[in-house]
Structure formats: structure tokens, C-alpha cells
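K.L.:
The structure follows.
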Amino acid sequence: QFPSGFPGISLISNYKAAFSPESFGTLLSELQPTISGEDLFLVQLAVRLTVAVIDVEPGISPVVFEQVVLPLFHLLRRSLIQGSALKPVLQVFQKLTAAEGDGRFASLVVELLNTPEGTVAKQGYISLAQCLAAAAQSASPHAVQELLAQILADLRSNIPDASRILKFYALGEIGITLDVDSLEPAFKNLIMESFQASEEIRGAAATSLGNIAAGALDKHLPFLLDQIRDSSPYKYTLLRSLKQLIDRAPREQL
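Counted from 1, the sequence shown has number 92 at position 92 by my numbering; the numbering is strictly sequential.
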């Protein structure tokens, strides 16, 4: 276990020439049991240490995937990593894609989106979607557009509820920075059709719409306000979307 004042992060950053790739591999293998445990303070410290390792030795990223990222999926699905503890995890996903390119991005997509029915809590869905969006930041535009097209196609088809919920959250998180409207002009109809579904799906769809609108206020805020003003049967759900937009939009644009 790490003591609270563990200096490993600054040691790696300041004395990177003293470490070999083999020593980093040994270090990561030693971190694996910590990340597989449930002491969240130690998990966060281990992930921060992993970020420092990738920064100085990007070639170690395949080992990071095996020793660090795979155990993290279990914690993410159980909603044990969220808030400030999630920030270094997002960095790991972004740096893995940056180090290995679209091939690694594709493997992360498979792990993040192929979730068995009934194994994820609400915050777990959101954390997984945010990890996917973080990985997408370092992927090629073509790879991200392909992913979005696949998510939209899946949402139009008959998929399990758990998969639908996760993909709505993923669509929204990616949509904050990418123009979904250019890929699927009718995406609002696709989302609003889900307002008639179960509470969990309805909430995920409302969050997705709010996030996408937050990324392009000029395009989507008028639509939201018009729908709310026109006494839409989905007014309450649309108000949830509006609240999400306010929470995620840049303050200077509101």
C-alpha cells in the first residue's frame, strides 16, 4: 500500500531517465492488485501514478491497458469511481488512445460499450460514457464519426435497455464536442421517441439531448425552448434536458 505522502509521481516526472521500460512494467504489475481493490484513495493514487508513467513512457500503454485499465472497468460499472476521482481515469483513457491510435480506441470502445444487461448503476453508465468521450478526444475524426454513426444505428434498432441507456449517455458525452447534427439531422426525433420509454431510458435520453445542446447552443437551445413553450407532452423531460444544458454549457455562453 502507498503511504499518504507517496512521492512516486514526482520521482517519475523529475527523474524519468533513471527508469527503464522494464522497471515501469514491473511497477504497473505491482499496481494491479491495488486497482483491483476497493480502497478508493489508493485506487486514485495508483491511477495518477499510471498517468505519470504514460507521460514519460508512452510505449508502455499496452501494459497499462492490461494491468490498469481492465481492472478499472469493474470499478466504473459499480459506480465506485466518480467526481474528482474520475479525472485521472479520464486522462488514462485519453493518453492510451493518443499513444496507440485508432486500434486502441476500437478496443476501448468494445470494452466500454459492450456491457451485460443489469450490471451497471446509473452513475456507472455516466462514468463509462465519459471515459469513452475522453478516449475519443485523441482518436481520429474518422474513427469518432464511425463510432457515432454506429451508436445512432444501434439506437434506431432493438437493443437491450442497458445498452440503450449507455449509448444515449455516450452519444451525449461525445456530442458535447462533436456536431451530432451533421451526422444525423433527425437525431432529436430519435431521442424524443425515447421519452415514451422507461424512466431510466427517458432520463438517459434527456441527459443526452441536454449535453448535445450544450455543445452547440445556437443550434439546439431555441429548439428546446420552443418545445417547452409549446406545451409539449414531454415538457418535464425537456426541462431535465434544459437543466443538463445549463450544467454543462460553458458559463460564458449562457
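A virtual CB, placed ideally from N, CA and C, is assigned to each residue, including glycine.
For LEU255, which residues from the same chain have a beta carbon less than 6 Å from its beta carbon, with the 5 sequence-adjacent residues on both sides left out?
P.N.:
Past the boundaries of the shown model lies residue 255; the chain is included only from 1 to 254, so the question cannot be answered.
K.L.:
Measuring only the C-alpha atoms, how far is GLY5 from LEU75?
P.N.:
The predicted model places GLY5 with a pLDDT of 44, which falls under 50 and marks its position as unreliable, so this point remains unresolved.
K.L.:
GLU173: buried (16+ other C-beta within 10 angstroms of its C-beta) or exposed?
P.N.:
So GLU173 ends up on the buried side.
K.L.:
For a test of the three-state rule: what should DSSP assign to GLN20, helix, strand or coil?
P.N.:
Looking at the sequence shown, residue 20 is not Gln but Ser. Coil at SER20, not helix or strand.
K.L.:
Which residue wins for smallest C-alpha separation from ALA249, given the options HIS220, TYR125, ARG104?
P.N.:
Nearest of HIS220, TYR125, ARG104 to ALA249, Cα basis: HIS220.
K.L.:
Check ARG240 in the structure and name its three-state DSSP category.
P.N.:
Helix.
K.L.:
Can you tell me whether SER61 is helix, strand or coil according to DSSP?
P.N.:
SER61 falls in the helix class under three-state DSSP.
K.L.:
Only counting the same chain, and skipping five residues up and downstream in sequence, which positions put a Cβ closer than 6 Å to that of LEU171?
P.N.:
Excluding sequence neighbours, LEU171 sits near ILE151, SER208.
K.L.:
Start and end of the alpha helix (DSSP H) containing ALA139?
P.N.:
Counting along the chain, ALA139 falls outside any alpha helix (DSSP H), and DSSP gives it neither H nor E.
K.L.:
Measuring CA to CA, which of LEU148, SER127, ARG78, ALA18 is closest to VAL258?
P.N.:
Absent from the structure is residue 258, since the part of the chain shown begins at 1 and ends at 254.
K.L.:
When burial is assigned at 16 or more other CB atoms within 10 Å of the CB, is SER84 buried or exposed?
P.N.:
When all chains shown are included, SER84 counts as exposed.
K.L.:
With distance defined between alpha-carbon atoms, name the residue in PHE24, ALA129, ILE9 nearest to LEU45.
P.N.:
Ranking PHE24, ALA129, ILE9 by Cα distance to LEU45 puts ILE9 first.
K.L.:
For LEU239, which residues of its own chain have a beta-carbon under 8 Å away from its beta-carbon, when the five flanking residues on both sides are left out?
P.N.:
Only ILE228 meet the Cβ criterion.
K.L.:
Does DSSP put GLY203 in a helix, in a strand, or in coil?
P.N.:
Of the three classes helix, strand and coil, the one that applies to GLY203 here is helix, per DSSP.
K.L.:
Would LEU245 pass as a contact of GLY210 if the rule is Cβ separation under 8 Å?
P.N.:
In this structure, GLY210 lies closer than 8 Å to LEU245 by Cβ.
K.L.:
Pairs of beta-carbons, one from the stretch 51–64 and one from the stretch 94–109, closer than 8 Å: are there three or more?
P.N.:
At 8 Å Cβ cutoff, the stretches touch.
K.L.:
How long is the line joining the alpha carbons of PHE65 and LEU80, rounded to whole angstroms?
P.N.:
Going by the C-alpha atoms only, they are around 19 Å apart.
K.L.:
Please report the straight-line C-alpha distance between GLY175 and ASP161, rounded to a whole angstrom.
P.N.:
If I take the Cα positions, the gap works out to 21 Å.
K.L.:
Give every residue of the same chain whose Cβ lies closer than 6 Å to the Cβ of GLN123, excluding the five residues on either side of it in the sequence, and list them in chain order.
P.N.:
So the list reads SER79, GLN82, once near-sequence residues are dropped.
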